Structure formats: structure tokens, C-alpha cells
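Let me begin by presenting the structure, written as C-alpha cells, before commenting on it.
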Amino acid sequence: MRSAVTVLLPAALFAGLLGSAAPAFAGTDEDGLLIPSARSEAVDYWTTGGAGVKEAAEQALLGSDEDIKKFLDDAPKIQYDDDYVDASRVINAGGPAVQDAAKAALLGTPDDLHAFLKDGWKAPLAQDQQVEASKVINYGGAGVQAAGKAALQGSAADIEKFLDTGQYDARETDNEVAVSKLINSGGPNVKAAGKLALQGTPDDIDEFLEVGQFTARDRDQEHATIEQLTEQAEAAGKQAQEATDKAEADSAKAIAAAAQAEKAAAKAAKETAAAKNDSKMAAYKAKQAADAARQAAAAAQTAIGAANEATHSARIAALAAAQTASAAAVAADAAEDAYNSAIAAGKDKGQAGAAAEQAKKARAAAGMAKKSGLAAQKAGDASKAAANAAKAARSAGGNADAAAESADEADAAAEAAGIHSGEAKAAAAETRRHASEANRAADAAEALANKSAAAAYEARDYANSAAEHADKAADAADAAAKFAGTAAEAAKLATTHAAAAKDAADTATNAAGTAHKVFGIAREAEAEDLITRTNAAIELAKTQDLSTNQAGSETAGLVVQARQLDDAQTALAAEAAKPDADTAALAAKGRQLALDAMKSRGPWVRQAAADALAGSDEDVLTFLRTGWDQAKQQETRDAVTDLSTNSPYESVRTAAAAALEGDNKTVSGFFTTGQYDAGVVDMEVEVSKLVNAGGPGVQENGKAALADGSGKALAAFLASGQYSARNADEQVEASKLVNDGGPEVQAAAKVAIAGPADALHDFITVGQYMAERQDQLAATHVAQVTGLVAQADAISATAQQNSWLAAKAAFEANGAAGEAQDAATRAHDSAVKASGYAHDADTSADKAQVSANNAAKSATTARNAAATADRAAADANESAAQAQWSANYAYTSAASANSSAAQAKQDSLAAGKSANAAKADASAAWQRTIDLRNQEEAAASKAAAAARKQEAEAAKKPRCVPRYREGGVDYELLRCVKNGGIVHTVPSNPTIIAIAWALTSTDTLVECRDNPTLAKCGEYVAMVIPGFGEFKALKGLEDFKYIKRVVEGTRLGKIGQLGEIALKEGKPLGKEGAPLVHEVTQDELDQVANGIREKFGAPDRVTEVPGKGSVETWNFDGGNVNYRNFSGTAGAGDTTIDFTKDLIKELGLKRYHVPRG
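When the letters of the sequence shown are read in order and numbered with our numbering, they come out as residues 467 to 1623.
Here it is, written out as C-alpha cells:
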């Protein structure tokens, strides 16, 4: 936001501004508007193009006019290569239909690829969303099913809404219903815990259903019935299948994406080698090889996700097997009871009723055991399929390795051609790391899933055997009840029943043994799950750290270069002032200077540099002589204007406003030193607060700044020093947790230490508490399953007790007193064992309750910490967003002012005015534009802030460590890795560049540039400024949103969006009045213009046309959109929207025109 103070620039600056390089144009159109030159088109390509196009445009802009012509001719082919990589990226995120469409496009013609990226992805995406909605319905409760079915009957938007929010709302309702049922049927502790959960948050309800109900039931001294065990086994089997579905989907994605990335990398490597005599071509081909290798790395991460889901399926299948084994033991025990009742009824008619009742129970238990066996069968099948998915995913690792090889080859070829970037080599190394972990995880997951499947099948067999025993026992009990006390061969039948009872008891014992076995497998799976998540997270953290360090190096390099550019410009300006200057040679040096300035300097210098690059040799010399200095002066004045309104210190705001009343020297002096002197007292207060609240490192560095006492020392600590000091303190804290924490805390701490500074800060402030909760939940789960196994042991021991009691009765019936006594002793021994196992189960229940209580406390701590962190992140995020918005606004202001000045000059010359008069008109147009922009900025800034706030509130999504791009408080440290995260390259941050420019010595910056580590770049790499990159999870609708973000971010995707706005059902609006020109109403034109503003933001420049109106321009990769509002010409002007270059072909439209009158 600019100051409310009117900024009146000195007259000398007015005059000089038109001495700078004005935008270059090739001529004028029928309305007298300037037409961009070929070089100007190349600058637009450099600004908007992909990796290959940008590199090729850069090489052309440093060359001759012939180089420019060749680049513009070759641009479509280079764009195709960039498009190919874009489409490859979609495969890794898309569902089956999108994958198939993308693969077909990649294997097809350039037109096929073009059609897919433009809008051909939409129909398959909708198809994938339908399939995803069906899956959610299949695995959901009644409410989810009803909401999902309703969405499927509606539009694509209804399905998207269901996937985005509807399913979660419905799931919360389903969970509330489930809790209510448990309250109605449970004991006192279950009722109390359930009611408490319903009074809490949805997270509290989830935790009750996942953990609390079981610990509460144990406190009620209730053990799971066979019906409950069967229900749990069925639910586990369903979960195992869901995990397998995800594993198969991730595996398919990884295989397809890695294969395409490998092809793209091989193609780029081959073309790099073929360009050995063309360094320009080799440079951008090597970049494309690096990009393809990075896509292969992302595919390897998806393969890790597949392995992780396979391990998850194995773990859940093992749990289903344990529950089935316990159900088998219960069924076998029911068979025991039935056989004993049959024996008793054979001797005593009065036992007939009891025998009939036991027969019913045995039959019911048999039915449950069969259902449980079927659940184990399904869980085993799911685990087996997961093993196959993990095995298949291994090929993704192989293709990723191949892509890395190609990237290395491309790097070597680029080196041979004289390009020493090393980007492809670094990408290759990164890809190999991810591929190696993908292969390890796939092998481990396959082995575990196969082992779990075998255990599930074994549990199935014992459940079926127990069911058979229970059915036979029920038949025996029914027969005994029918002929109670009358059987002539009661003694013989008693012996037969006793033998059958012994078989049933042995089945129970074997089932309990299987429960032990699968418990061991489940623990193995849990351990492997943690290893896979941790290793994958560490690899991602390393990639983030490398990206952050590389960004630090690039930032330092940019600032070093930016400082050196002033000296270079001074030298070149001196050369340009000589009467015998070599114009061509000097222009070549000037273009290099301008291009470097485009990468590192502020908005006004960048725009002046862009105009110079777009112009002639003489334009470049004008830029060197006067344009640079004038743009720099305006930039400094802008910065001080920002301080006058945005500085957090009243003293600085007041002093800045006063400085703005002075000349350029006054403004420059205030910016360089005055702002720091003015804010000393306020900054001392802030530093003291940080010292009082900080750790040892923060205290030491803060006290040093206070002892120094200078404004710059205090500002440096506040802007950056506090963060590097805090990071050192947090490194110490995290290292302690690696040694002292539980398994999840240790793993999360290792990940945090391996990553960048902001990830570590996230872990210390929030993540450690969530990881601690995960440890407590894991302990609760282990205690519960241990109790389940102990319960199975107790039941099997009771079954053995009953079998010996049956044997005792049989021996007594046959008059074998000695054998009967021995059987009674064995029955007593089994009873003692059963009592011990029951005690073990109770002990496990107590442990589970303690862990669950601790988990609840950790969750509360974590939620509170997350809320605090979210508030801080929201403030920091808004600050960074505002800085970026201000930079963009300044850039478009510069572009608009320069364009308006150039148009005014051209109009004056066309009207026959003198050169001096035209220059004066241009100066006036420039000032009018700046005045207008300054007047509009406050409202525009406020509107942008409101839009950001609204967007943040509408996007309350769970966060992934370590980025804060999306809001929400559901922080889970390893969510991204578990669900297949993706890392994006860190962009430069204007705030960090500004801090480095103002407060960091050149020597320090050079060290950081050459050795980009936290130790060397700590002054600003350690700053926790959100927006410094992304670390996204791909889950549920986020997958689909990611696809949309990827495709809509491509050049063809943007053109596709433009077509949605400008066309109706693929056809232009209105009626055709001339070829490619359509007449529309003013309302239709306004609708299109507003749609463009809403989708693509403010125009890249606004050109004021004297006596007519204005032209708003949006730049696209391959063309522009120009909205000409000439309606102010006394009713005689036109209002049009013009489409240029490639956009004409893409839209089948050149102009929308509102007829006069």
C-alpha cells in the first residue's frame, strides 16, 4: 500500500523517464495502438514460458535479430517438449481414466497432447471422481452412502462437493450414530465415555470409536463376544481391502508416471547430446532432462506410498486374522459347552433344557465363526493383492533409476557443450535416493503382505474347523436333549462326545496360537510401516533441505549479482557516454545486464530492463545511460513509501513520511540508513521481548544486538538473526527427543532434523506433541491386541478345561475312577491357566487405558499448540502475501506507466507534434498513470487482503508439514509421506531478497552462494516465512485438485480456462460480423472481461490512450488478451476484447466488438 501523501517526483526525473528505454513496438494497428516487436514477444516468452521455452528465450534475447526470429519459429516445438513434461506430471497424480488419457496423449501426435492439456483432461477427471465417489460410498456408513448416492445422481460439481466436504460431514453424522448405538448397548463406562465424546469435537468422536470404546468396555469387565469379534474382523477385512485398493492405485500411478518420466529424460538426454555444437539448445534440453528426472523421483515417492498402503493392508489383515482366531476359540469353547451338556443330558433327563439351549448357542457360534472365517479370507485376499501391488510398484524404482541415468547423460552432454549448470546431475542424485527407498519399501511390503495373507488363511481354516465342531456339538446336544436320560448307550456316547470335545479344545488352542502368530506379524508390519514412513519422510526432508539451501544459494547469488550490477551499469554507462562507443558491442553487454536485472532487481528496474531487452541497440544504450538510474530512484521512493504505511514502528512511519517530502538524495539516505536510526528505540523493545522468551542461542544473539545498539544490528536480529539462533536452539531440542522420545517421536525428530529450518520449527512447536500422541495410541493398540490374544488364550484354556471335564464325565460313566480323577486334575490345571490369562487380559486393559488417557492429553496439547502455530502462520503468511502483492503491483505499475508513455509519444508524433512536445506528452501520461495507480492501490490492496482471507477460510484443509499454504489445525507430522506427498521447488521470496540486500554483507552472501548450508545461509534460510515452497499431500479430492492445479497452470491449461470464459460451449458469443470478429452486447463483453479478471487477476499492464480510454493487457504464453475500453470517446469509440497470436487459433476468435451506437 502506498502512502496517502501525494508523491511529487522532481521535474528532472519526469524529463529523464522518457529518456529511458520505452517499450519497443513494431508499428501500430488500425486504431493507432502500438504492436509489440519480435523482441518484445521473446521477452513475454521468457516471462511466461516453461523451463525449455524460458531457457531458449534467454539465449535468443542475448543474440541477434536472426536469433530472435529463429526462436519465435522454434517456440512451438520447444513448447511441445515442455508440454510433454507437464502431461507426464499429471500421470503421477491422476486416477485411472486421467492416466489412460494422459498416456494416450503422450504416445500420440502433438495435436493429441495439445488437446489433452487444453481441456481433454476434464472428462476423464470427472470419470475418476465418479469412481472415487463410488469407493467412498462402498466403504462408508449409511449417511456417507446416502450423501454419495445423491451426489452421483447430480452434476459433476455435486460429486466434487461430496468428495471435498460432503463425505466428511456425512461421516461425522455416521460416527455420532455409531456412538449413540454403543451408548445404548454398553456398560456404565462405555455410556459415560460415549456421552463425553459426543460433547466434544469430531476428533474426540473418532478417538472414542477407534480406541475409547474398547478401553471403556474393558473397564466394564466385558470381553468381546463372538458377534463383536466377527464384526471387528469384517470391518478389518474391509479396511484391508480399502488399503489394497489404494496400494494398487498408487502402484499403477507410479509405474505409469515413472515410465513416462524415463522416456522424457531419455529423449532429453539424446537431444542434449545431439546439440553438442549448440550450447543454447543443450542448455534447455538439459533443463528438461532434470525436470523429467524430478518427475521420476515424484513417481518413486508414489511407489513408496503404494508400499506403505500394502504394509497397512498387511497390518489390518493381521488384525482381522487375530480377531478371527479369537472368534474361532470362542466357537470351539461353545462346542465344548454343547458337548458337556450332551454328556450331562445323557445321564440326567433334567439337563435336557440346558442341552437344547447350549445347542442353540453352539449353532449361533458356528454361524459367527463361518462369517469370521470369510472375513479372514477376504482380508487374506486383500493382503495377497497388496503384495502383488507392492511387487509391481518396484518397476517404478527401476524406471526412476533409468531416468536418473539419462539425466546424468544429459548433464555430461551439456558440460561437453560448455554448459556447467549441474542441475540435471543434482536431479539424478535426488531421483536415485527416492528410487532406492522405493525398492526397499516394496520388497519389505511384499514379504509382510504375503506373510499376513498366510496367517489370515490359517485363521480362516481354524474358524471353519471350529464352526464344524460347534455344528456337530449342537447336533449332539440336540440329540441328547431329545433323548435325555433314555440313551441305552449313554456311557459310549459320553466317550465319543468327550473325544470330540478334545478335538474342539485343540482347535481353540491352535487358534490361540495363530492369534499369537498374527500379533507378531502385526507388530512387524507396524515396525515396517514406521520405517517406511520415516525413511520416505527423511528423503523428502533432504530434498526440501536441498531445495531450501539451493534457494538460499540462489538468493545470495542474486543479491551478490544485483549489487555487482550497479558497478557494471556504471561502467557501461560511462562507455555509452563516449562519442566513439561501439553500439553493437555495448548493446550486447547491456542486454546481458538487463537480463541479469530481470532475475534479481526490483520491479521498476526489472520493467526498465524488460523494455530495453525488447528494444533496439539504441534503446539498450538509453537504458544504460539514464533508464537504470531513474528506475532505481523510483524503486527507492516506492520502498520508502511502503515504510511510511507498513512499518511496524510508529517512529519509522513518521520519519519515512517526512523523508518523502524531500529530494531523491533525502529519500535514498533514509532508505539506506535513516530508517534504522529512526527505529532504534522501538526495535530495542522488540529484541528485549525475544531475549526474555527465547532459548540460549536467541538470548545470546539478542543480547549481542542490544549491546551493539545500532539500528542495523537490531534490525538484522529482528529480520533474520533471531531465526538462525532459534534454529540452533531447536536443533538441540530435537536431538534430545531423538534419544529420549518414543518410536514415533524419535522418527519425527529425525525427519525434522533432516529437513529445512521451518520443518524443524513446526516439529518443535506442534509436531512433537502429535508424534507423542501417536506413540500413546500405538501403546494403546498394542495393549488392546495383547489383551485380545490373552483373551484367546483364556478361552482356549477354558476349552481345554471343559474338554477334560467332558473326559471326566465319560470316564465316570464307564466306571474308570482313576482316569476320571486324572481328568479332573488336568481340568483344574487348565482352569488355573485360564485365570492367569484372564488376569493378563485385565492387565493389558489397564495399560491400554493409561495409554489412551495419555494420548488424549497429548491430543489436547497438540491442538492448542497447533492453534497457536496456525495464528502465527496466518500472520506470517499474510505478511509474505502482502509483500508479494506489493511487488507485483509495483511491477504492473511500471509496465503500465511505461506503456502509457510510449503510446502518448506515438500519438503525439502521429498528430504531427515535435519530438520535444511528444516527449512532454509522454511525461504527462507517465505521471497520470502513476498518480492513478497510487490512488487505486489502497483499495486494491484491501480487496486483495479480503480475498486472501476469504480463500483461507474456505480452504480449511488438514495441513502437511512443513508448509502453511492451506489453513486448518489438523496437524499430522507424517501425513504427506503416508499419503504420497510431493515436493515443489522453492521459489525466490521477495521479502528474503530484500532482507539479504539490506542487512547482509557481500562476503557472507558469497559464502552462502558457494556453500549453501544453514551455517552459511542461516541469516535468512532459517527464517520461517510461509510461501517458501510447498509440501502437499495427495489424498481424496486433494488428488483431483492437484491435477487441476497442474493442468491449469500449464500454458495450454490457461488457454483452456480462457476458452471457458470467452466461449460458450466452445463457440464465440454473438454473431460474426467479419472473419474471426464477433459482435456482442456490452453486457456480454463485460461478462468476459470480468471473468478474465476473476480468473487471472489484475492485468499485467494498463495502457492509457490519450483521448480514447485504456487498454488492459493480460500476457499468456503465446499471445495476449487486450481489453480496449474506448467508450469515453464521445460515443464514437469502440469497446473490444482482442486476442493475439496463438490465442486466435486456439479460440477461433480474434476480437469481440460492441458496435457503435
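Ideal Cβ positions, reconstructed from N, Cα and C, are used throughout, including at glycine. Owing to the predicted nature of the structure, the values given are computational and were not obtained by experimental measurement.
Three-state class that DSSP yields for residue i in the structure shown
i, result
"residue 1569", "strand"
"residue 1592", "coil"
"residue 1580", "strand"
"residue 605", "helix"
"residue 1067", "coil"
"residue 576", "helix"
"residue 1351", "helix"
"residue 1379", "coil"
"residue 496", "coil"
"residue 1235", "helix"
"residue 1366", "helix"
"residue 1082", "coil"
"residue 512", "helix"
"residue 1516", "coil"
"residue 1609", "helix"
"residue 667", "coil"
"residue 507", "helix"
"residue 1270", "helix"
"residue 1440", "Residue placement at residue 1440 is flagged as unreliable, the pLDDT there being 30, under the threshold of 50; the coordinate-derived value follows with that caveat. If DSSP states are grouped into helix, strand and coil, residue 1440 belongs with coil."
"residue 1394", "helix"
Rounded C-alpha distance that separates residue i from residue j
i, j, result
"residue 563", "residue 598", "11 angstroms"
"residue 1202", "residue 998", "23 angstroms"
"residue 494", "residue 502", "9 angstroms"
"residue 1060", "residue 1079", "7 angstroms"
"residue 1522", "residue 1124", "50 angstroms"
"residue 1008", "residue 1545", "57 angstroms"
"residue 679", "residue 649", "9 angstroms"
"residue 457", "residue 527", "A query on residue 457 cannot be resolved here, the shown segment of the chain reaching from 467 to 1623 and no further."
"residue 592", "residue 630", "14 angstroms"
"residue 733", "residue 1068", "38 angstroms"
"residue 512", "residue 1605", "20 angstroms"
"residue 1193", "residue 1187", "10 angstroms"
"residue 863", "residue 854", "15 angstroms"
"residue 1212", "residue 1234", "9 angstroms"
"residue 574", "residue 1612", "19 angstroms"
"residue 1564", "residue 1588", "12 angstroms"
"residue 1215", "residue 1199", "9 angstroms"
Chain D within 9 angstroms of residue i, Cβ atoms only
i, result
"residue 1604", "Included in the structure is just one protein chain, with no chain D present."
Residue i - partner residues in DSSP beta bridges
i, result
"residue 1617", "1543 and 1604"
"residue 1534", "1529"
"residue 1586", "1581"
"residue 1575", "1571"
Any non-hydrogen atom of the ligand SAM within 8 angstroms of residue i CB
i, result
"residue 871", "Of the ligands one can find in the structure shown there are none, so the ligand SAM has no counterpart to examine."
Three or more C-beta pairs closer than 8 angstroms, one from the stretch 1395-1409 and one from the stretch 1359-1375: is that the case here?
-> yes
Would you say the stretch 527-547 touches the stretch 1585-1592, given that touching needs at least three Cβ pairs under 8 angstroms?
-> no
With a cut-off of 8 angstroms, do at least 3 Cβ pairs link the stretch 1142-1149 to the stretch 1102-1116?
-> Short answer: they touch.
Evaluate the contact criterion for the stretch 1524-1544 versus the stretch 603-611: three or more CB pairs, one atom per stretch, below 8 angstroms.
-> no
Taking contact to mean at least 3 C-beta pairs separated by less than 8 angstroms, is the stretch 1349-1361 in contact with the stretch 1399-1410?
-> yes
Complete alpha helix (DSSP H) runs within the stretch 1142-1203 (minimum length 4 residues, chain order) = Runs found: 1146-1159, 1162-1174 and 1177-1182.
Contact between the stretch 1311-1319 and the stretch 1238-1255: three or more CB pairs below 8 angstroms?
-> In short, these stretches touch, since the Cβ pair count reaches three.
The stretch 1160-1172 contacting the stretch 1130-1137, beta-carbon criterion three pairs below 8 angstroms | no
Within the chosen definition, does the stretch 1573-1590 reach the stretch 505-524 through at least 3 CB pairs nearer than 8 angstroms?
-> Yes, the stretch 1573-1590 is in contact with the stretch 505-524.
Is the stretch 1212-1229 close to the stretch 1010-1024, with three or more CB pairs under 8 angstroms?
-> yes
Contained beta strand (DSSP E) runs [length at least 3] in the stretch 1084-1108, N- to C-terminal order | Fully enclosed beta strand (DSSP E) runs of 3 or longer: not present.
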